[in-house]
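Working notes, beginning with the structure itself.
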Amino acid sequence: MGIVIITLVSLSVMYGLTFLSYLSESKVLDELVSEN
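Take any residue in the sequence shown, count from 1 to its spot, add 191: that is its number in my numbering.
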């Protein structure tokens, strides 16, 4: 059970970093920050 949780956390972190890098490259993140 512990291994499954660790695997899910690792996948979540990788997907999160990939999503953040995608936003940064597409300039969407910059637009959101400038609006606020």
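Where is the CB? At the ideal position from N, CA and C, for every residue including glycine.
Alpha carbon of residue i to alpha carbon of residue j, nearest angstrom
i           : j           : result
residue 192 : residue 199 : 11 angstroms
residue 217 : residue 202 : 22 angstroms
residue 204 : residue 224 : 22 angstroms
residue 210 : residue 219 : 11 angstroms
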